[in-house]
Amino acid sequence: MALAVLMGTLMMAQERFSTIRGVVKDASGSVIPGVSVTLLNSETGRPTAVETNDTGIYIARNLEPGRYEIKFEKTGFARVDLKEVSLNLGRETTADAVLEIGATQQAVQVTEAAPLIDTGGVTISSNVTAEEFNLLPKARSFQSVVLLSPGVNSGQIEGGFQINGASGAENQFFVDGVSTNSLVDGRSRQNGAFEFLQEVQVKTGGIDAEYGGALGGVVSAITKSGGNQFHGEAHYFYGGSGISAGPVERLLLLNPYSNAGVNPTYQQDAKNPNNQHEVGGSLGGYILKDRLWFFSSYSPQFARRENTYLFSSGTERDTIENKVTSQQLFNKASWNAAKNVRVTASWLWTPTKNTGILPAYNGYGNAVISSKAANAPLKTQGWTQPQSNYSGQVDWTVSSTALLSFRGGRFWDNFRTWGIPTTASVTYQTSSVGIPDVPSNLQQAAGYLNTPRTQQTFYDITTRTYFQTDFSKFLSGFLGSHDIKIGAGVQKNVNSVDVSYPGGGYVWVYWGTPLNIPGGGTDGGKYGYYEVDNTGTRGGTGGRMVNMYIQDHWRLTPRLSLTLGLRTENEHVPSFNRAVRDDAFSFGFSQKLSPRLGLSWDVTGKGKMKVYASYGRYYDWVKYETSRGTFGGDFWTVKYRSLDTTDVFSLSGVNMPGRNIWPFGDYEDRRLASFDAVAKDLKPMSTDIYNAGIEYMLSNTLALRAGYVRNHLVRTIEDMGALVNGSETYIFANPGEGDAKKFATSTATPVFDTPKPQRDYDALELSINKRFSSRFFASANYVYSRLYGNYAGLGNSDEIRTPTTGTSSATTQQSGGSIARPGSTGSRAWDLDQYLFDAHGNFVTGRLATDRPHVFKAYGSYKFKWGTDVGGFFYGGSGTPMSTVVMQRQRIPLFVEGRGSMGRSPILTQTDLVVGHELKFGETKRLRFEFNAQNVFNQKTSRHTFSQLNRGNASGDPASALDLTNTNLFNGYDYAGMLKSIAATGKDPYDPRYGMADLFNPGFTGRVMVKFVF
-4 MALAVLMGTL MMAQERFSTI RGVVKDASGS VIPGVSVTLL NSETGRPTAV
46 ETNDTGIYIA RNLEPGRYEI KFEKTGFARV DLKEVSLNLG RETTADAVLE
96 IGATQQAVQV TEAAPLIDTG GVTISSNVTA EEFNLLPKAR SFQSVVLLSP
146 GVNSGQIEGG FQINGASGAE NQFFVDGVST NSLVDGRSRQ NGAFEFLQEV
196 QVKTGGIDAE YGGALGGVVS AITKSGGNQF HGEAHYFYGG SGISAGPVER
246 LLLLNPYSNA GVNPTYQQDA KNPNNQHEVG GSLGGYILKD RLWFFSSYSP
296 QFARRENTYL FSSGTERDTI ENKVTSQQLF NKASWNAAKN VRVTASWLWT
346 PTKNTGILPA YNGYGNAVIS SKAANAPLKT QGWTQPQSNY SGQVDWTVSS
396 TALLSFRGGR FWDNFRTWGI PTTASVTYQT SSVGIPDVPS NLQQAAGYLN
446 TPRTQQTFYD ITTRTYFQTD FSKFLSGFLG SHDIKIGAGV QKNVNSVDVS
496 YPGGGYVWVY WGTPLNIPGG GTDGGKYGYY EVDNTGTRGG TGGRMVNMYI
546 QDHWRLTPRL SLTLGLRTEN EHVPSFNRAV RDDAFSFGFS QKLSPRLGLS
596 WDVTGKGKMK VYASYGRYYD WVKYETSRGT FGGDFWTVKY RSLDTTDVFS
646 LSGVNMPGRN IWPFGDYEDR RLASFDAVAK DLKPMSTDIY NAGIEYMLSN
696 TLALRAGYVR NHLVRTIEDM GALVNGSETY IFANPGEGDA KKFATSTATP
746 VFDTPKPQRD YDALELSINK RFSSRFFASA NYVYSRLYGN YAGLGNSDEI
796 RTPTTGTSSA TTQQSGGSIA RPGSTGSRAW DLDQYLFDAH GNFVTGRLAT
846 DRPHVFKAYG SYKFKWGTDV GGFFYGGSGT PMSTVVMQRQ RIPLFVEGRG
896 SMGRSPILTQ TDLVVGHELK FGETKRLRFE FNAQNVFNQK TSRHTFSQLN
946 RGNASGDPAS ALDLTNTNLF NGYDYAGMLK SIAATGKDPY DPRYGMADLF
996 NPGFTGRVMV KFVF
């Protein structure tokens, strides 16, 4: 009789592969050397052969994830066949076998599945295989399944995916081992359709030393490969307005900067035609059987949207069409160059082309305040975003227990615009209605403009190129067994950019309003004043980073395992003005020492229960928004002039009539380069992550886990500011440390100790997972957490610009901005002393803006006997804290009553559903029909409340802003009294939208699919 014992040992392999190892013994317990072990991929039919060494151990590394059959053969013993062994991305599975005396032709089949829990690893990860995500509701790219994992939340306030409390800019996304994050701000930048994906993994804790750059989580997408059989599919998707709900409500306030803006309303915009068609297919197979394989996939999507507008506040009707073509082309080749050498190369091409820009409605119904002529250029404006991802890898099996890998890749990403008018955009910030001597045709509401404000991007190219070498060796006999991996690599990053506004800048006109001078006083002209903002980014730069690591997975005893690792990096952050300085700053190997420690204990010795704990320090990779914004790439000057003419649409950066009313020079500089203001003891941003928990296997298909997570921010990097002659000047430092231990004040506040950044995420996670068996799989998890501190992170959820404000946070390499400020070390945090205090003299701290104490998720799918399957996903989470803010002169939001003073947004729930049916034709052909429903109950829940008490929001209304120049912040200040004083002058400073919902969860969207699989 033969017996095989499978134990899942969770261990990080490379981003693209899995590992399996084991020991082969005879019935007496003696090891058997020279056993032939053949692993056959059930989907592709590709075999991998290895052999046990003198100690009976075999190890097969860098295997494609999927299901395998394993055969153990040696002359004189009966063959053992293991069926349905699942290998997951980034995990190591152990398959031990016992061979009995007998003829090789005799075969003993073992069908016992690998356990759901491991007993030797500490990595916390969620793996979603193709078998599972094909049966779940989802969007069209791999990022849509990230939310399934415990500790993950997402949305516009979060700025993407928030993992274990870290902001959306602090994760790493990989496609075939290549980082596809934005080099500039850290967002995920490249999509991947599920048709060419084999598995998606989200790592959230206990991450090995092989990985760097993530303070939250690591998301890896692994692509499919060809094999010894030909497989493929052809598909068609349709989604659009015909099977989706209408848009969410829109909060509208006309004339938001003047006393006339008093009646905010909710507008329900009409559902305009909006259709997406996607057609494509994929094919995988062999060129030379058992030697050379290929896989190719192509899936273009065509989106057409048509909006009807009533321009000139409802008097001119017109239609603008938006056409978007997005393509995804994937090609992969795999080659067994020799018995012990394997080569893999892949290319993912994802270009997007957009023609026609749709302006946002900003009036009643589908009205737009500006004229039809002003918006006519939008019909031919557009942008393109070509992207390419290249990767290659060579694996050399040096011996039965050693592997040497060479891998490299490049992510090339560009964005450019066309068709933008060359004239400067001029926008009314206040209404001109009723102002004497203004011609009737120029008497318009706030928001009226000559042409929409649009930056012209001639190019914004980023490239991330890397080369890595890794060596793995399995050793046994010295205090247990060791799986050791060492590696070193280099990454070269480059950014070339030319972005600016036409006409030398955009113009904001303040009719009938004087400029409030910092420190007191006002100035203006006959009709008010205007400002010209000349802002953009220009130049090119590049930097490199070298990494080294060592990792040992040490099984000290059969029940006790240790994980010991150390990573270090040498990071050069470049400046955008090499004539001044080549590097803005750099971090040596000794400054980025990243230990990774873990312990795992098999409680019963039977592989049914484990207790684990881990610790790791993780360092950020500095985003190039730092190089652009602080070291010579960005420019932003604001010129203030008296408005003494009504010919406002002739104003521009090169035509500025009127007096200079800025008393501190010709202009206010909001982007002073800080080459000489870098703290001499600057340290990299880092976080410490602790995990501890217990896992218990109820059955071979059902497992429970209870775990504790703590993500503690050690330090960050920020620009700390002070006012000098009215302009903000900065020191680039670690707040609260070294040169930044004391804060230089811009008010009457005495110098004080700088509060250190605090962001602590503490969570209890409970989960239950059932793998696919008896026609269904399911998973559920509950997380009770607290996200507390004074700093949101690189992606700043404290700076929110919802659609009602008419503004957004500038975001690189995309058309339009973002709700939350994207990843940056130059946010408003620590910009001025005023930001750090509430109105009662206390430092601002509390529950952060994306804190959700209770989150419950459940997902799964059931397959009926007659070919129908139903899958679902449910999300339920607490609302997020809302805080009253008051804007001050420099457009910095002040948390006057601390954090959470307005309570929380409503509880957020959403249910997604997918229903499919398959018709089979023979053994390998089937036709699948599917309907995918996101937010099936059309719950358009409020996700944010308008929280600014005074008028202006981020676009600024100086007449309503607080001036705290002469305030000692430790003594507090009476903001309510200050606003009343402004009101006494005849100016109504209160924004009537305060307390109203202004951002909503998108409603129901449907998508149908027809797919032929062969």
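Residues -4 to 1009, numbered by our numbering, are exactly what the sequence shown covers, in order.
Beta carbons: idealized from backbone N, C-alpha and C, even for Gly.
Values in this document were obtained by computation on a predicted structure and should not be read as measured data.
DSSP assignment within the stretch 346 to 379 yields the following whole beta strand (DSSP E) runs of 3 residues or more, N-terminal first: 347 to 350. When DSSP assignments are scanned along the stretch 779 to 859, the uninterrupted stretches of beta strand (DSSP E) that are 3 or more residues long and fall wholly within it turn out to be 791 to 795 and 849 to 858. With a minimum length of 3 residues, the unbroken runs of beta strand (DSSP E) contained wholly in the stretch 417 to 478 fall at 421 to 423 and 451 to 471.
Distance from the Cα of lysine 334 is smallest, within the candidate group Trp342, Val389 and Gln296, for Val389. At a Cβ-Cβ threshold of 9 Å, threonine 640 and tyrosine 524 do not count as neighbours.
Approximately 11 Å separates the beta-carbon atoms of arginine 781 and proline 876; this is outside 8 Å, ruling out the contact.
Cβ contact annotation for glycine 871 (same chain, cutoff 6 Å, sequence separation greater than five): Phe851 and Thr904, in chain order.
In the assembly as shown, tryptophan 413 is an exposed residue. Its beta-carbon has fewer than 16 other beta-carbons within 10 Å. Asparagine 122 sits buried, since 16 or more C-beta atoms from the chains shown fall within 10 Å of its C-beta. The C-alpha of valine 719 is placed about 22 Å away from the C-alpha of glycine 628. The shortest C-alpha to C-alpha distance from tyrosine 454 to any of Tyr443, Lys480 and Ser495 is the one to Ser495.
Our two residues, phenylalanine 401 and glutamate 690, have alpha carbons roughly 36 Å apart in a direct line. Minimum Cα-Cα distance from asparagine 166 among the listed residues Ser183, Arg816 and Thr457 corresponds to Ser183. Valine 393 and phenylalanine 1009 have their C-alpha atoms some 38 Å from each other. Secondary structure of glycine 867 (DSSP, three-state): strand.
If you draw a 10 Å sphere on the C-beta of histidine 835, you find fewer than 16 other C-beta atoms in it, and that means exposed. Proline 679 and glutamine 586 do touch by the CB rule: their CB atoms are close to 6 Å apart, below 8 Å. Approximately 5 Å separates the beta-carbon atoms of valine 617 and valine 568; this is inside 8 Å, confirming the contact. The alpha carbon of threonine 418 has as its nearest neighbour, out of Thr379, Glu59, Gln451 and Ser215, the alpha carbon of Gln451.
A contact between stretches requires three or more CB pairs, one per stretch, nearer than 8 Å, and the stretch 912 to 931 fails this requirement with the stretch 974 to 986. Leucine 474 and threonine 464 have their alpha carbons spaced roughly 28 Å apart. Of the candidates Leu708, Arg56, Asp493 and Gly841, Gly841 places its Cα closest to the Cα of glycine 784. Around the Cβ of alanine 844, a 10 Å sphere holds 16 or more other Cβ atoms; the residue is buried.
Looking from the CA of isoleucine 238, the closest CA among Lys1006, Phe999, Val1005 and Phe1007 belongs to Phe999. Distances from the CA of alanine 22 to each of Ser589, Asp676 and Gly71 were compared; the closest alpha carbon is that of Gly71. Excluding sequence positions up to five before and after threonine 563, its CB lies within less than 6 Å of the CB of Met543, Phe584, Lys587 and Leu588, all in the same chain and listed in chain order.
Three or more beta-carbon pairs separated by less than 8 Å link the stretch 420 to 428 to the stretch 249 to 269, which places the two stretches in contact. In this structure, aspartate 826 lies away from tyrosine 968, with their beta-carbon atoms at least 9 Å apart. Counting along the chain, isoleucine 977 sits inside the alpha helix (DSSP H) bounded by residues 970 to 979.
For glycine 222, the CB contacts under 8 Å within the same chain, skipping 5 residues up- and downstream, are Asn36, Glu38, Thr39, Gly40, Arg41, Gly279, Gly280, Tyr281 and Trp288 in chain order. Lysine 860 sits close to arginine 770, with the two beta carbons spaced by under 9 Å. The alpha-carbon of alanine 956 is positioned some 23 Å away from that of proline 745. Each of Thr460, Gly537, Ile479 and Ser467 was checked against the Cα of serine 491, and the nearest Cα belongs to Gly537.
One alpha carbon belongs to valine 633, the other to aspartate 528, and they sit about 5 Å apart.
In this structure, DSSP gives glutamine 224 a state outside helix and strand, which the three-state scheme calls coil. If you draw a 10 Å sphere on the C-beta of glycine 917, you find fewer than 16 other C-beta atoms in it, and that means exposed.
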